[in-house]
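Peer 1: Protein chains in written order, with this note's numbering: chain A, 798 to 1023; chain B, 798 to 1023. Every residue gets a Cβ at the ideal spot worked out from N, C-alpha and C, and that includes glycine. Okay, here's the structure, questions in a sec.
Number of protein chains: 2
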Amino acid sequence: MRGFAEGLIDRPQTVAEQVANVMREAIASGTLKAGTALRQDELAEQFGFSRMPIRDALRQLEAEGIVSIHPTKGAHVAGMDSAEIAEIYAVRELLECEALRLSVPALSGGKLDEAEQVLDQIDAERNVGRWGALNRAFHLSLYHACGNQRLLGLIEAHHNAADRYVRILLSNLDYRKRSQAEHRDLLAACRQRDGKKAVSVLRQHLREGSDTLVNAIEGGGLSRKS
Amino acid sequence: MRGFAEGLIDRPQTVAEQVANVMREAIASGTLKAGTALRQDELAEQFGFSRMPIRDALRQLEAEGIVSIHPTKGAHVAGMDSAEIAEIYAVRELLECEALRLSVPALSGGKLDEAEQVLDQIDAERNVGRWGALNRAFHLSLYHACGNQRLLGLIEAHHNAADRYVRILLSNLDYRKRSQAEHRDLLAACRQRDGKKAVSVLRQHLREGSDTLVNAIEGGGLSRKS
DNA sequence: TCTCGTACACGCGGATACTTATATCCCCGA
DNA sequence: TCGGGGATATAAGTATCCGCGTGTACGAGA
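Right, dumping it as structure tokens:
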């Protein structure tokens, strides 16, 4: 739920936010695997801060759905079973298709050019860690003109929740190629101001991602919910 | 974002959660008006707890969008301008219509009877404070069979965010009558397993609520964002 | 008199040390 | 072998402290 209108107003960054950012990245990158116990004292020592901001950060991440906290049992990196992945993708499809539908008529040529540049960057990028961020940037750039900040916030939150898994997808060269082809189709439909077409391409794109992930996780024996 | 699968697993309630619950109710009921400063040590003294759980509670409420926190300036009861109300209702429409669409074919007769009982309770209820809760219970009871916990969680979160304003609506006798009529239409469509009809009634219902609220707030001079 | 700068008070973020409660594990005895 | 009880680990909560950014009020200078 982070990021409703962030960046618009300058807020001094708190330690808790910095910690949350670092941990979010660590979880997304797989450094912290699903199910890992996140001990407050341990983290406090590692980061060199006291327990207080660490708790704030954990609460924050819990709200984002990538950490689960049980009173007396503590915080763990949230796992995802394939059912939950399917749920997240179903919600993403709902939210993002709506945002795209609203956004397409309002998209400026400049924004579209920006989106295309992001696609070129993805093709050029060799660092696995950056793909996730670029992928997200591309998607969000198409939705920005939707005019509903809250909707964008939710979409961003769900990108966060799915980030770890998107990275798994993107590390697969085959999927990445297909994904990029779909991205270019999507962009083309947007350039033609064909909202219906764009939405249907996006819907297909997300379903493919979801299916690929669910198969990978059900078959591949990835670490499960704690 | 609270309440994804709450209640299914017994978690000992933390002080922070209790505090959050009390404050959520206080904000929804209007006891705490929009813009009110929420000073940590003041609250700590009032509740008789230390600052730590109060901070946790404030973070929680911030994630729910009903409190805004600025480092160094502290927490305030979040206001809503009419634009934000429109946004929330647009998202609610999207989420709830989808949940209903998925849910209708799976709704058991028992669930429908329960929903009808809730409607009867609303008619009988004289206490303004309870209407909001009953109204929410009715809506959620129709969505429960949608099979997507995450979607239900988001819907609940948006009910929380809109709660204060729904209560304003419901304290208006005229709106309440119309609303109840629409609720019965909605229920009837569900009984007929007519998903399309049900969704269209729901959509109309939510749009009416949104419009009524936006007009009330733009005209009525309600307290604004801090 | 009006404006600008400074100084002070307030309240938050954070640190630290300590207490309490709870879950888990392991061992010991029936 | 199994079940109960204690030891241990860890989270939740308490009490207090400090530093710093912000807002404000007051006094000095134009």
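1. Under a Cβ-count criterion, where at least 16 other Cβ atoms within 10 Å of its own Cβ denotes burial, should arginine 889 of chain B be classed as buried or exposed?
2. Identify, in the order they occur along the chain, each residue of the same chain with its Cβ nearer than 8 Å to the Cβ of alanine 912 of chain B, setting aside the five sequence neighbours on each side.
3. Taking a Cβ distance cut-off of 8 Å, strictly less, list which residues of the region 867-899 of chain A are near chain B, in chain order.
4. Cβ of leucine 1019 of chain B less than 8 Å from any chain A Cβ?
5. Pairs of beta-carbons, one from the region 967-981 of chain A and one from the region 997-1009 of chain A, closer than 8 Å: are there three or more?
6. On the three-state DSSP scale, how would you describe alanine 954 of chain B?
7. Tell me which residue opens and which closes the alpha helix (DSSP H) that alanine 860 of chain B is part of.
8. Any Cβ of chain B within less than 8 Å of the Cβ of alanine 860 of chain A?
9. Tell me which residues of the region 839-860 of chain A have at least one Cβ-Cβ distance to chain B shorter than 8 Å, keeping chain order.
10. I believe alanine 834 of chain A touches alanine 875 of chain A by the beta-carbon criterion, under 8 Å. Please report the beta-carbon distance rounded to the nearest angstrom.
11. Buried or exposed, going by whether 16 or more other CB atoms sit within 10 Å of the CB of glycine 1016 of chain B?
12. Quick one: any contact between the region 912-927 of chain B and the region 893-912 of chain A, if contact means 3 or more CB pairs under 8 Å?
13. So who's on the other strand from leucine 835 of chain B, going by DSSP bridges?
14. Is it a yes or a no for the region 850-863 of chain B touching the region 899-908 of chain B, going by three-plus beta-carbon pairs under 8 Å?
15. Listing by chain order, which chain B residues have their CB less than 9 Å from the CB of glutamine 815 of chain A?
16. Strictly below 9 Å CB to CB, what residues from chain B border arginine 947 of chain A?
17. Would you mind stating whether valine 963 of chain A and cysteine 894 of chain A have Cβ atoms separated by less than 8 Å?
18. Could you tell me the alpha carbon to alpha carbon distance between leucine 904 of chain A and valine 864 of chain A, rounded to whole angstroms?
19. What is the DSSP secondary structure of glycine 865 of chain A, counted as helix, strand or coil?
20. So, helix, strand or coil for alanine 802 of chain A, using DSSP?
21. Span of the alpha helix (DSSP H) holding valine 816 of chain B?
22. Please list, in chain order, all residues of the same chain as tyrosine 972 of chain A whose beta carbon is under 7 Å from its beta carbon, the five residues on each side excluded.
23. Which same chain residues, not among the five before or five after valine 812 of chain B, have their C-beta less than 7 Å away from its C-beta?
24. Can you tell me whether DSSP reads glutamate 893 of chain B as helix, strand or coil?
25. What residues of chain B sit near threonine 811 of chain A, judged by a beta carbon separation below 7 Å?
26. Measuring CB to CB, does histidine 955 of chain A end up less than 8 Å from isoleucine 885 of chain A?
27. Determine the closest residue to leucine 949 of chain B out of B/Leu892, B/Ala959, B/Arg975 and B/Gly929, with distance taken between C-alpha atoms.
28. I'd like to check one pair, isoleucine 824 of chain B with arginine 961 of chain B: are the Cβ atoms closer than 8 Å?
29. Let me confirm a value: asparagine 924 of chain A is counted as buried when at least 16 other C-beta atoms fall within 10 Å, else exposed. Which label applies?
30. From serine 826 of chain A to leucine 951 of chain B, what distance separates their C-alpha atoms?
31. At a CB-CB cut-off below 9 Å, which residues of chain A make contact with leucine 1003 of chain B?
32. Would you report the Cα separation of alanine 883 of chain A and glycine 929 of chain A, rounded to the nearest angstrom?
33. Give the range of the alpha helix (DSSP H) segment to which glutamine 1042 of chain B is assigned.
34. Express the C-alpha separation of asparagine 1012 of chain B and arginine 947 of chain B in angstroms, rounding to a whole number.
35. Of all the options B/Met820, B/Gln815, B/Glu881 and B/Glu822, which has the alpha carbon lying nearest to the alpha carbon of proline 868 of chain A?
36. Whose CA, out of A/Arg975, A/Leu829, A/Leu931 and A/Leu897, lies closest to the CA of lysine 994 of chain A?
Peer 2: This is what the structure gives:
1. If you number the second sequence from 1, residue 889 of chain B lands on position 92. The residue in question, arginine 889 of chain B, is buried, as its Cβ has 16 or more Cβ neighbours within 10 Å.
2. Residue 912 of chain B sits at position 115 when you count from the first residue of the second sequence. The answer, listed in chain order, is Phe935, Ser938, Leu939, Leu984 and Cys987.
3. Those residues of the region 867-899 of chain A that come within reach of chain B (Cβ to Cβ, closer than 8 Å) are His867, Pro868, Thr869, Glu881, Glu884, Ile885, Ala887, Val888, Leu891, Leu892 and Glu895.
4. Against the second sequence, residue 1019 of chain B aligns to sequence position 222. For leucine 1019 of chain B, the predicted model reports a pLDDT of 47, less than 50, meaning its position is unreliable and no value from the coordinates is stated.
5. Cβ pair count under 8 Å is three or more, so yes.
6. Your numbering for residue 954 of chain B matches position 157 in the second sequence. Alanine 954 of chain B: helix per DSSP, three-state reduction.
7. In the second sequence, counting from the first residue as 1, residue 860 of chain B sits at position 63. Boundaries of the alpha helix (DSSP H) around alanine 860 of chain B: 848-861.
8. For the purposes of this step, residue 860 of chain A is identified with residue 63 of the first sequence, where counting begins at 1. True, the Cβ-Cβ gap to chain B drops below 8 Å.
9. Under the 8 Å Cβ criterion, the region 839-860 of chain A contributes Met849, Arg852, Asp853, Arg856, Gln857 and Ala860.
10. Translated into the one-based positions of the first sequence, residue 834 of chain A becomes position 37. Translated into the one-based positions of the first sequence, residue 875 of chain A becomes position 78. So it is not a contact: roughly 12 Å between Cβ atoms.
11. Residue numbering aside, residue 1016 of chain B sits at position 219 when the second sequence is read from its first letter. Within a 10 Å sphere around the beta-carbon of glycine 1016 of chain B sit fewer than 16 other beta-carbons, which makes this residue exposed.
12. With fewer than three CB-CB distances shorter than 8 Å, the region 912-927 of chain B does not count as touching the region 893-912 of chain A.
13. Taking the first residue of the second sequence as position 1, residue 835 of chain B is located at position 38. Leucine 835 of chain B pairs with B/Ala872.
14. When C-beta atoms of the region 850-863 of chain B are compared with those of the region 899-908 of chain B, fewer than three pairs fall below 8 Å, so the two segments do not count as touching.
15. Along the first sequence, one-based indexing puts residue 815 of chain A at 18. Within chain B, no residue comes near glutamine 815 of chain A; the closest Cβ sits about 12 Å away, beyond 9 Å.
16. Against the first sequence, residue 947 of chain A aligns to sequence position 150. Contact of arginine 947 of chain A with chain B by beta-carbon distance below 9 Å involves Gly862, Glu881, Glu884, Ile885, Ala887, Val888, His955 and Ala958.
17. Here the question's residue 963 of chain A lines up with position 166 in the first sequence. Here the question's residue 894 of chain A lines up with position 97 in the first sequence. No, they are not a contact pair.
18. Numbered from its first residue, the first sequence carries residue 904 of chain A at position 107. Numbered from its first residue, the first sequence carries residue 864 of chain A at position 67. Roughly 35 Å between the two C-alpha positions.
19. Counting from one through the first sequence, the residue named residue 865 of chain A turns up at place 68. The question names glycine, but residue 865 of chain A in the sequence shown is serine. Reduced to three states, the DSSP call for serine 865 of chain A is strand.
20. Working through the first sequence from its first residue, we reach residue 802 of chain A at position 5. Per-residue confidence for alanine 802 of chain A stands at a pLDDT of 40, beneath the threshold of 50, marking its modelled position as unreliable; no derived number is given.
21. Position 19 of the second sequence, counted from the start, is the residue given in the question as residue 816 of chain B. Membership of valine 816 of chain B in the alpha helix (DSSP H) is indicated by the continuous run 812-826.
22. The count along the first sequence starts at 1 and reaches residue 972 of chain A at position 175. Here the set comprises Leu966 and Thr1009.
23. For the purposes of this step, residue 812 of chain B is taken as residue 15 along the second sequence, with counting starting at 1. Here the set comprises Phe846 and Pro850.
24. Within the second sequence, numbered from 1, the residue matching residue 893 of chain B stands at position 96. Assignment of glutamate 893 of chain B by DSSP, reduced to helix, strand and coil, places it in the helix class.
25. Taking the first residue of the first sequence as position 1, residue 811 of chain A is located at position 14. Within 7 Å Cβ-Cβ: Pro868.
26. Counting from one through the first sequence, the residue named residue 955 of chain A turns up at place 158. Counting from one through the first sequence, the residue named residue 885 of chain A turns up at place 88. Yes.
27. One-based indexing of the second sequence puts residue 949 of chain B at position 152. Per the Cα distances, B/Leu892.
28. As a position in the second sequence, residue 961 of chain B is number 164, starting the count at 1. As a position in the second sequence, residue 824 of chain B is number 27, starting the count at 1. Yes, the pair counts as a contact, with Cβ atoms nearer than the cut-off.
29. Here residue 924 of chain A refers to the residue found at position 127 when the first sequence is read from its first residue. Classification for asparagine 924 of chain A: exposed.
30. For the purposes of this step, residue 826 of chain A is identified with residue 29 of the first sequence, where counting begins at 1. For the purposes of this step, residue 951 of chain B is identified with residue 154 of the second sequence, where counting begins at 1. Rounded to whole angstroms, serine 826 of chain A to leucine 951 of chain B spans 26 Å at the Cα level.
31. Numbered from 1 along the second sequence, position 206 holds the residue referred to as residue 1003 of chain B. Those within 9 Å of leucine 1003 of chain B in chain A number zero; the least Cβ separation is about 14 Å.
32. Within the first sequence, the letter at position 86 stands for residue 883 of chain A. Within the first sequence, the letter at position 132 stands for residue 929 of chain A. Spanning the two alpha carbons is a distance of roughly 19 Å.
33. With chain B covering only 798 through 1023, there is no way to say anything about residue 1042 of chain B.
34. Numbered from 1 along the second sequence, position 150 holds the residue referred to as residue 947 of chain B. Numbered from 1 along the second sequence, position 215 holds the residue referred to as residue 1012 of chain B. Those two C-alpha atoms are separated by around 32 Å.
35. If you number the first sequence from 1, residue 868 of chain A lands on position 71. Residue nearest to proline 868 of chain A within the set B/Met820, B/Gln815, B/Glu881 and B/Glu822 is B/Gln815 (criterion: CA-CA distance).
36. Indexing the first sequence from 1 puts residue 994 of chain A at position 197. For the residues A/Arg975, A/Leu829, A/Leu931 and A/Leu897, the minimum Cα distance to lysine 994 of chain A belongs to A/Leu897.
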